[in-house]
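Residue numbers (this note's numbering): 75 to 579. Built from N, CA and C at the ideal position, the CB exists for glycine as well. Take a look at the structure set out below.
See below:
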């Protein structure tokens with residue numbers, strides 16, 4: 075029984091001891107959980123402090139541009155941070171250690187537990203107080219306040235910013251304009267190069283075309299040179315008439331000149347008997363031009379043996395092909411006549427005969443009106459000073475000019491002037507006395523006209539007009555269909571004289 079009781083007592087003691095151990099373990103677990111909670115709170119507080127410190131440093135860095143003073147964290151805060159970190163890093167006490175100590179000191183376990191709790195509670199309060207003090211010490215130091223900016227300064231800064239913005243925009247535009255300008259300059263350079271190339275090509279084409287036209291002409295003359303040679307011919311005729319007038323007998327000259335144009339006998343009688351000297355000179359010029367102009371007609375080839383056959387063929391081509399064939403035929407005929415006019419050839423002989431025929435007719439008429447010419451040429455040893463030589467120069471000049479006119483790719487001829495029928499036309503003629511209206515009585519020199527795509531007057535003619543009848547209207551140059559009529563004798567050919575030439579040809 076004693077053993078049973080002893081065993082039961084031991085069991086009771088063991089159960090009490092087990093209960094005490096369980097209570098101690100629960101107490102230790104509670105302490106451990108409290109410490110773990112404290113550690114987590116300290117860690118959260120440390121992370122919050124670190125965040126505040128980084129925020130403060132960022133703020134200080136931003137304010138460093140305006141204030142040189144940089145706040146720093148105090149040494150106490152660093153120390154506190156270090157202490158809390160150390161507390162956080164210390165390992166917690168093991169519950170098994172507490173249980174073994176309780177088994178060895180069973181009697182003091184119950185008494186020491188409240189003390190331990192009070193101490194631990196005191197330590198927890200101390201840690202809370204330390205954390206509060208650390209938070210107070212870790213509060214960021216406010217940076218010094220930035221100085222206030224004057225409103226006018228702020229306004230000027232805003233204007234400066236805007237102007238800089240506008241200036242940057244303008245700089246971009248200027249750069250773009252420079253690029254555009256350079257691009258345009260490059261394009262202009264390319265265009266100039268193309269224009270230069272095309273101009274040179276056009277010039278080359280024009281030169282080739284002129285060379286082609288020149289190759290088909292009988293002489294190197296063009297319309298400008300033909301006009302100049304016409305002026306030169308009229309000048310020579312006038313100079314010869316002036317020389318003849320110096321020794322002229324008005325009565326003899328009047329009687330001779332009156333017989334040269336049967337259709338103008340009455341008009342000559344109306345100017346006086348004897349004629350005034352300026353009218354004698356005018357009729358002398360008319361006589362020479364009427365003879366010479368026959369060599370310039372388009373259908374007249376001096377020295378051409380087949381002249382009649384040529385005219386028949388030319389008229390036939392004009393009837394069936396008015397645009398090209400007759401013109402080319404005329405050009406080729408003139409070219410052959412000039413190129414093959416070599417000494418000893420049939421063409422040269424025929425041309426010489428044509429020159430002599432014109433010379434005899436013209437020189438014989440001058441001798442009839444001015445008899446002293448024959449006596450002068452008879453006694454003058456220098457043949458170059460003979461009037462006959464001067465007349466021959468006029469004939470050769472007229473024939474050469476006629477071949478130049480026939481060799482053109484357009485028709486150049488003397489326009490028909492109907493004496494005593496045609497009204498004055500200022501676009502074609504000039505009056506001898508400066509009149510601007512009337513009926514043409516005398517055609518001293520016919521107008522020479524170019525019949526191309528555009529018909530125009532190359533050289534105006536010289537006429538003498540009489541007052542127009544009351545029923546007739548002066549010509550204004552609009553009706554040019556009949557005024558430009560060609561290819562017929564411009565005037566009545568002077569009647570032949572019986573005088574023979576004293577100069578051997």
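In this structure, residue 356 and residue 506 form a Cβ contact; the two beta carbons are roughly 6 Å apart against a cut-off of 8 Å.
The count of Cβ pairs closer than 8 Å, one atom from the region 486-502 and one from the region 526-541, reaches three, so the stretches are in contact. Beta-bridge partners assigned by DSSP to residue 516: 538.
Straight-line measurement puts the Cα of residue 513 at about 34 Å from the Cα of residue 467.
Counting the other Cβ atoms within 10 Å of the Cβ of residue 499 gives 16 or more, which makes it buried. For residue 472, the three-state secondary structure derived from DSSP is helix. If you keep only unbroken alpha helix (DSSP H) runs of at least 4 residues inside the region 300-361, you get 324-332, 339-344. In the three-state reduction of the DSSP assignment, residue 510 falls in the coil class. The region 474-481 makes no contact with the region 434-444: fewer than 3 CB pairs, one atom from each, lie closer than 8 Å.
Around the beta carbon of residue 358, 16 or more other beta carbons lie within 10 angstroms, which makes this residue buried. Across the set 301, 435, 285, the C-alpha of 301 shows the shortest separation from the C-alpha of residue 531. Annotation for residue 483: no beta strand (DSSP E) segment contains it, and DSSP assigns it neither H nor E.
Taking a contact as a CB-CB distance under 8 Å, the pair residue 526 and residue 484 counts as one, their CB atoms being some 4 Å apart.
Excluding the 5 residues flanking it on each side, residue 341 has same chain C-beta neighbours closer than 6 Å at 515, in chain order. The Cβ atoms of residue 370 and residue 488 sit closer than 8 Å to each other. In the three-state DSSP reduction, residue 223 falls in the coil class, being neither helix nor strand.
Put simply, the backbone Cα of residue 389 is about 15 Å away from that of residue 407. As for any alpha helix (DSSP H) of minimum length 4 sitting wholly inside the region 384-435, the runs are 399-413, ordered along the chain.
As a beta-bridge residue in DSSP terms, residue 531 pairs with 523. No Cβ-Cβ contact shorter than 8 Å links residue 338 with residue 471. Pairing residue 290 with residue 405 gives a Cβ-Cβ distance under 8 Å. A Cβ-Cβ separation of about 6 Å places residue 465 in contact with residue 433 under the 8 Å criterion.
The secondary-structure analysis by DSSP pairs residue 497 across a beta bridge with 513. Distance check between residue 376 and each of 346, 417, 348, 425 places 425 closest, using alpha-carbon atoms only.
Residue environment for residue 309: exposed (fewer than 16 other C-beta atoms within 10 angstroms of its C-beta). One thing to note: residue 391 has its Cβ no nearer than 8 Å to the Cβ of residue 379.
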